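Chains as they are written, first to last, in the numbering used here: chain A, 1 to 285; chain B, 1001 to 1317.
Glycine residues also receive a C-beta, built at the ideal position from the N, C-alpha and C atoms.
Keep in mind it's a predicted model, so treat the numbers as computed, not measured.
Here's the structure, in structure tokens; my notes come after.
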Amino acid sequence: MTAWVVERLPSLRGGSRLLGGQTVALLAAVILGAMALAAIFAPLFAPYDPNQGNLIEALAGPSGSHLLGTDGSGRDILSRLIYGARPSLGGPAVVVVISTLVGGSLGLLGGFLGGFLDGALGRLWDLMLAFPSLLLAIVIVATFGRGLVPAVLAISVTYIPLMARVVRGLVVSERHKQYIAACRLQGFGTFRLVFLHLLPNISGPLIAQLTLNFGYALLDLVALSFIGLGVRPPTADWGSMLADGKSTILTTANPVIWPSIAIILAVICVNLVGQALSDRIQRSL
Amino acid sequence: MLELTIKRVLLMPLLLLAASFVIFSMVYLAPGSPEATLLGGRHVSAEAYEQVREKYHLNDPFFEQYANWLGRFASGDFGDSITKKDTVANVVGPLIVPTLELTLLASLLIVVGGVALGMVSALRAGGPLDLGISLTVLVAAAVSPAIMGLVLISVFAIELGWLPALGLGEGGFDRFEHLILPAVALAASAVALVGRTTRTSMIRALNQEFVETARSRGLSSRSVLFKHAFRHALIPVVTISGLVAGYLLSGAVIVEYAFGLNGLGSLLVESVQSKDFAVVQAIALFLVFAFLVINLVVDLLYALIDPRVRLQARRAR
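Take a look at the structure:
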């Protein structure tokens, strides 16, 4: 089943080598870092209030006063992009944390203990994976209401079986290795064995997987916000900016272009960093 | 092989049953009472209120409600849509066709486009064409169907005016024309995934000994390429097709919404927004069913292409 998960990830190896490997990954990491800083210190960078529009200036193209132009409500697109980075990057980060903590520990438990628990968890993941991932998120949002928090929680749920399977696969492949037996012989407790010896040994592939999940979660959140089930207006978010831009696309594509670039750039950078990490780990193994 | 098939086929109704339970309990757990939605915010007497609860069996215990719901579902009664004032079957049924057409057209693009791109890329590995394709693939993989849809609308429908942007058209060729852009938007990032997978596995296949053997036996390069290497390279592609199917079903929701296509996806979004739970349940269960069937077919296809799977199954018996 690990094979399935690994296949799920885009292998960008060809791409990253062709772009010069590590240098590009470093550049990608710098871009991501800049985006994160802009999100954290949004009030410092944003030239305007992201939610304050001037209808007279609506749908203006890029100019000196509005570097990226304005949207259909006359709001400054650059400011909305910067503030929008908060839910658009923060949301997927929360998804990664929740799905790793919950899915990871359940996968660890199942993989390490085996037996009935492992089987039961396996069937649970089968069931959850019987839903196309976004559909499960949509059904959850349908149940618990729209908004950033339900959307992030819903997407987290869809990543739990994935993380559980990955961690379980890694744990099962490690369980019978000699160092584990050596630890046991020395009389180490299970806690010490798992947290000081087992986890560090599987952390490499795990981190690569987390990075890639971040990109997928970002796209999922964009999708939910785009169909109006994620971040609620007027809060700026890259997905809801797309949705706003859609309503004025007959007049100008400008409000759609900028959030699109931000999303694509962020996902490409995340994928490049993730790929570089997993390449590096593979080499060090 | 037969045993494997039977096992998979038997497992399907179980998974479907479990999925139906999940879908039903979610709606049961939903905050806000269903009768409030049914009454649409109108104030009614306690008596009428009780009547509504009685009529929709809302006073029954949870499992009885679930069993009743399931029984009705199994006999083809999917309940009534609150917002459309019609049976769910009448509301959902006709919309299956456009969604099916959209996903089929997109699958065709994915299979043909992805495999072709991957093959070309693999055969010209390292060349400028390979570089171009690899870069395109890198970007396409990061593009969500929402973005792709909007880009296609603004370029091909608005700027160039080549193709219609919204709606489903009149049927026949007009319908096909209306489906081209949505299908491309839906297919794009999956084409990238399939292309990349084909490229990697084809390069690997071309370096295998059996390809060299085939060449040294004097087989024509076309025969070596398509009969030997290609079949070997196809296995990882089939492996990811289950994943692609899940992506297609999820992506169709987004694409239908972006292009204003009247299909299952846009109805699902609309019903979620208006809390029309009967419709949400029916569509969700239908999509899960479709997904399970596709995965089953993929598994069987897998055995068909990869002789090792068949051998393993035979040995296991």
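query                                                                                                                                 : result
Completely contained alpha helix (DSSP H) runs for the region 98–185 of chain A, where each covers 4 or more residues                 : 115–128, 133–144, 148–175 and 178–185
Reduced DSSP category for Thr70(A) - H, G, I as helix; E, B as strand; rest coil                                                      : strand
Trp1162(B) burial status per 10 Å Cβ neighbour count (16 or more: buried)                                                             : exposed
Interface flag, Gly74(A) vs chain B, CB-CB below 8 angstroms                                                                          : no
Given His955(B) as reference, the closest of Ser1223(B), Val1137(B) and Thr1099(B) once Cα atoms are compared                         : Because chain B here runs from 1001 to 1317, residue 955(B) falls outside it and cannot be looked at.
Euclidean distance between Cα positions of Leu1168(B) and Leu206(A)                                                                   : 44 angstroms
Neighbouring residues, chain B, relative to Ile140(A) (Cβ below 9 angstroms)                                                          : Met1026
Contact set between Ala1146(B) and chain A, taken where Cβ atoms lie within less than 7 angstroms                                     : Val222, Ala223, Phe226 and Leu242
Cβ shell of Asp1299(B) (< 7 angstroms), same chain only, five flanking positions each side left out                                   : Arg1008
Beta-bridge partners of Thr235(A), as assigned by DSSP                                                                                : Answer is none; Thr235(A) lacks a bridge partner.
Rounded straight-line distance, which links the Cα of Ile1153(B) to that of Met1012(B)                                                : 39 angstroms
Beta-carbon separation (whole angstroms), Ser1250(B) vs Leu134(A), contact threshold 8 angstroms                                      : 3 angstroms
Same chain, Cβ closer than 6 angstroms to Ser1266(B), neighbours up to 5 away in sequence not counted                                 : Glu1256 and Tyr1257
Close beta carbons around Asn54(A), own chain, < 6 angstroms, minus the five adjacent residues each side                              : Gly74
CB-CB length for Leu185(A) against Val157(A), believed under 8 angstroms                                                              : Not quite, the Cβ-Cβ distance comes to about 40 angstroms (not below 8 angstroms), so this is no contact.
Cut-off 7 angstroms between Cβ atoms - residues of its own chain near Thr251(A), not counting five sequence neighbours on either side : Leu59
Test: Ser133(A) CB closer than 8 angstroms to a CB of chain B                                                                         : yes
Under 8 angstroms from the C-beta of Asp126(A): neighbouring residues of chain B                                                      : Leu1015
Distance CB(Gly147(A))-CB(Gln1273(B)) smaller than 8 angstroms                                                                        : no
Within 7 angstroms of chain A by C-beta, residues of the region 1262–1273 of chain B in sequence order                                : Leu1268, Val1269, Val1272 and Gln1273
Per-residue contacts from Leu1029(B) into chain A (C-beta, under 7 angstroms)                                                         : Thr143
Contacting positions in the region 252–284 of chain A - beta carbon closer than 7 angstroms to chain B                                : Ala253, Val256, Ser260, Ile263, Ile264, Val267, Ile268 and Asn271
C-alpha gap between Ala1089(B) and Asp1080(B), whole angstroms                                                                        : 8 angstroms
Residue range of the alpha helix (DSSP H) that includes Leu229(A)                                                                     : First-last for Leu229(A): undefined, no H or E at that position.
Rounded straight-line distance, which links the Cα of Leu1010(B) to that of Leu1016(B)                                                : 11 angstroms
Cβ pair Gly104(A), Met163(A) closer than 8 angstroms                                                                                  : yes
Ser1220(B) in three-state terms, based on DSSP                                                                                        : coil
Proximity test, Cβ basis, 8 angstroms: Gly245(A) and chain B                                                                          : yes
At least 3 beta-carbon pairs within less than 8 angstroms: the region 1236–1253 of chain B vs the region 1102–1122 of chain B         : yes
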